[in-house]
Structures are given as structure tokens and as C-alpha cells.
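Sequential numbering of the sequence shown, starting at 979, is according to the working numbering.
Don't be surprised by glycine CBs; every beta carbon is placed ideally from N, CA and C.
The structure displayed is predicted, hence computed values, not measured ones.
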Amino acid sequence: PRAATGGLIGATVKEAMRYGVARGLFSNEAGMGSTPHAHAVAKVDHPAEQGLMAIIGVFIDTFIVLNITAFVILVTGTLDGQTTGIALTQNAFTNAFGGFGNTFVAICLFFFAFSTVIGWYFFGEANIRYLFGLKGLTPYRILVMIFIVLGSTLKVNLVWELADTFNGLMVIPNLIAVLGLAKVVSKALNEYEYDKQGYLKPKESEA
979 PRAATGGLIG ATVKEAMRYG VARGLFSNEA GMGSTPHAHA VAKVDHPAEQ GLMAIIGVFI
1039 DTFIVLNITA FVILVTGTLD GQTTGIALTQ NAFTNAFGGF GNTFVAICLF FFAFSTVIGW
1099 YFFGEANIRY LFGLKGLTPY RILVMIFIVL GSTLKVNLVW ELADTFNGLM VIPNLIAVLG
1159 LAKVVSKALN EYEYDKQGYL KPKESEA
């Protein structure tokens, strides 16, 4: 009995951690290396400023938006163990705010999806331009259109599994870069904290 109980608890914790990390990555992309494209073009007095701004984005997404969604689901009693994902969220907001809640979630979902597709397209285009030049843009655009169609037509579970897999693959090179640049980042942050006004130039911080 003890072995069975221990195995059950271990398997439960393992699955909770697995899905927690996967959904956390999908939610705020912290540690995935997908947002430096946007932050790198910002004009700031010191690179640490933009790094702190990136942290704020993760905080707003995770601790504010996601917590509000979770509270609505828990307070309305919509959680039944069967309904999941966007359907669960829509049911919760509908129970809380009536028809407006359902419409609100649908509109938010549309803009989230639309902005995500556009944003990721430009991130990818920036990388393709750097690696292959203009000649790589046409094949890249064709692949983007194919994946948009596939993502809209494949089974939801399969799409989630593919997203989790590719997100995980992105984490590996990013973590290597994070470890390799740890000293540079630490030095830049220390310089920024020393000069609270943030007037140190990037070349002085080697970042």
C-alpha cells in the first residue's frame, strides 16, 4: 500500500509540475528566449532598464491576468473536472457577467490570437533576415501560412502537444545563452543599481 500510495503521489506531482511548467511557458514565455527580439530594439539609457521592463511584463501577465481568470473560475463554481481551456473560462465569465462575459472572452481571445500571430511572424522574420537574408523570406512566409492553417484545423490536444514540444526546444539554447551571459548581466545590473539614474552607457557595461 505504501509503495502504491507513494507512486500515485509521485505521478500526480510529476504531472502537475509538467503541465504547470508547460502552461507557464505558454503564458508568459519567461526563460524561453522569445521576447529579446522586441526588447533589443528599445532605446534606453542602460540595458538593465529594459531587462527590468521585461520582468514587469511577466508579472502583469502571470500575477494579474491569470490570477483574475483563476479567481473568476473558482468563485463561480464552474470547475467541474470535465470542462477545460477556453470553454471553462467562457463558462465562468458567463456565469459571473452574463452574456457580456462570454462576448468579452471571445473578443479577448481574438485579439490575443491575432496579436500573437503577427508578433511571432515579425520575430521569425527578423531571425530569417539575419540568418539567410531576403532570399529566406518567401519560404518562411509560406511555412507560416501552412502552420496557421494546421493550427486552426488539427485537434486541440495535438496542437497543445506540438506547442509544448517546440516551446521546450526553444528553452534549451536560451538557457545556454543565459548561463553564458550571466556574468555580463550581473555586471550590468550592479552598475545600474550603483547609478540609480541609469545614465551609464551600454558600452561601459559590456551589455
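Neighbourhood of residue i by C-beta distance below 8 Å, restricted to the same chain and skipping five residues each side
i: A1104; result: H1015
i: I1051; result: L1057, L1066, T1067, A1070
i: R1107; result: G1114, L1115
Whether residue i touches residue j by CB criterion (7 Å)
i: H1024; j: Y1170; result: yes
i: A1026; j: L1167; result: yes
i: Y1099; j: V1122; result: yes
i: V1149; j: M1010; result: yes
Residues of its chain near residue i, where Cβ-Cβ distance is below 7 Å and the 5 sequence neighbours each way are ignored
i: L986; result: none
i: G1079; result: F1071, T1072
Backbone secondary structure at residue i - three-state DSSP
i: E1007; result: coil
i: G1029; result: helix
i: T1054; result: helix
i: Q1068; result: helix
i: K1165; result: helix
i: G1146; result: helix
i: K1021; result: coil
i: K1133; result: coil
Residue environment, residue i, which counts as buried when at least 16 other CB atoms sit within 10 Å
i: I1042; result: exposed
i: F1071; result: buried
i: A1091; result: exposed
i: V1019; result: exposed
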